[in-house]
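Following: one structure in structure tokens, then a few remarks.
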Amino acid sequence: MDELVERVDGQDRVLGVVTRREAIREGWLHRVAVTVCRDECGRILVHRRSDQVSRFPGLYEVEVGGAANVGESYEQAAARELAEELGIRALPRLLFTFINRSGLSPHWLGVHEAVVPDVVVPDPDEVAWHGWLAESEVQSALLEWRFTPDSHEAFSRYLAFRTAQS
Numbered sequence: 001m002d003e004l005v006e007r008v009d010g011q012d013r014v015l016g017v018v019t020r021r022e023a024i025r026e027g028w029l030h031r032v033a034v035t036v037c038r039d040e041c042g043r044i045l046v047h048r049r050s051d052q053v054s055r056f057p058g059l060y061e062v063e064v065g066g067a068a069n070v071g072e073s074y075e076q077a078a079a080r081e082l083a084e085e086l087g088i089r090a091l092p093r094l095l096f097t098f099i100n101r102s103g104l105s106p107h108w109l110g111v112h113e114a115v116v117p118d119v120v121v122p123d124p125d126e127v128a129w130h131g132w133l134a135e136s137e138v139q140s141a142l143l144e145w146r147f148t149p150d151s152h153e154a155f156s157r158y159l160a161f162r163t164a165q166s
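Everything in the sequence shown is counted per my numbering, starting at 1 for the first residue and increasing by one.
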């Protein structure tokens with residue numbers, strides 16, 4: 001069964017409920033929540049998606065996440081995805097949202113950050129490999145490895161946000 005999501009407008013206001021497949025097919029805005037995970041040393045979790053996932057199999061990602069379910073806030077969706085994909089309970093902090101036009105279809109992307117334990121137990125159906133990289137290593141990997149379209153845009157904006165906050 002396809003997951004239900006809220007179709008939203010350009011101001012992120014709910015217009016109705018649709019399936020995610022329908023939102024992607026029609027190019028309708030919907031909400032996606034992702035989290036950049038850091039460990040206590042500041043390293044960033046990077047992972048490779050399982051070859052069995054339906055969207056972007058085998059590609060790398062800088063963030064963990066997925067579509068927000070009906071009635072979920074960005075923060076709730078991000079926390080649920082961390083539990084499902086990495087087996088951890090954490091309270092991700094929403095940093096910013098933007099309309100992301102890369103990937104399968106346009107969507108509102110809520111970018112979060114969380115400090116998580118450096119030992120995670122990823123769901124093998126979702127994550128084929130994971131590792132902790134320094135920021136400079138992530139930037140190099142983004143140029144050399146095949147990442148999801150969201151990873152490039154989200155990480156670029158994430159670094160700009162962190163720079164502006166310091």
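Heads up, the beta-carbon is just placed ideally off N, CA and C, and yes, glycines get one too.
Within its chain, find whatever has a CB closer than 6 Å to the CB of residue i; leave out the 5 residues flanking it on each side and keep chain order.
{"i": "V36", "result": "E63, E113, Y158"}
{"i": "A33", "result": "G65, A68, Y74, A77, A78, G110"}
{"i": "A90", "result": "L82, A114, V116"}
{"i": "V121", "result": "G87"}
Can you give the Cα-Cα distance for residue i and residue j, rounded to whole angstroms?
{"i": "A23", "j": "C41", "result": "39 Å"}
{"i": "F98", "j": "V119", "result": "30 Å"}
{"i": "T148", "j": "G65", "result": "12 Å"}
{"i": "E84", "j": "S136", "result": "28 Å"}
{"i": "R101", "j": "V111", "result": "15 Å"}
{"i": "A88", "j": "W132", "result": "One detail in the question is off: residue 88 reads as Ile in this sequence, not Ala. Rounded to the nearest angstrom, the two C-alpha atoms are 16 Å apart."}
{"i": "R93", "j": "R25", "result": "30 Å"}
{"i": "V46", "j": "Q11", "result": "31 Å"}
{"i": "Q165", "j": "A134", "result": "19 Å"}
{"i": "P106", "j": "D150", "result": "11 Å"}
{"i": "H152", "j": "I44", "result": "14 Å"}
{"i": "L143", "j": "D123", "result": "26 Å"}
{"i": "A154", "j": "W108", "result": "11 Å"}
{"i": "A128", "j": "T163", "result": "31 Å"}
{"i": "D39", "j": "H130", "result": "13 Å"}
Which same chain residues, not among the five before or five after residue i, have their C-beta less than 8 Å away from its C-beta?
{"i": "R20", "result": "D2, E3, L4, V5, H30, A67"}
{"i": "F161", "result": "L95, F96, V111"}
{"i": "W145", "result": "Y60"}
{"i": "V53", "result": "D125, E126"}
{"i": "A141", "result": "V46, Y60, L133, F147"}
{"i": "V138", "result": "I44, V46, V62, F155"}
Can you find the residues in the same chain that come closer than 7 Å, C-beta to C-beta, to residue i, ignoring five residues on each side of it along the sequence?
{"i": "P57", "result": "R49, S50, D51"}
{"i": "W28", "result": "R7, V18"}
{"i": "D9", "result": "L15, L29"}
What residue from the options has the CA that sits closest to residue i's CA?
{"i": "G71", "options": "R7, A154, A134", "result": "R7"}
Throw me the rounded Cβ distance for the residue i and residue j pair, which I believe falls under 8 Å.
{"i": "L104", "j": "R55", "result": "7 Å"}
Three or more C-beta pairs below 8 Å linking the segment 79-89 and the segment 11-26: no
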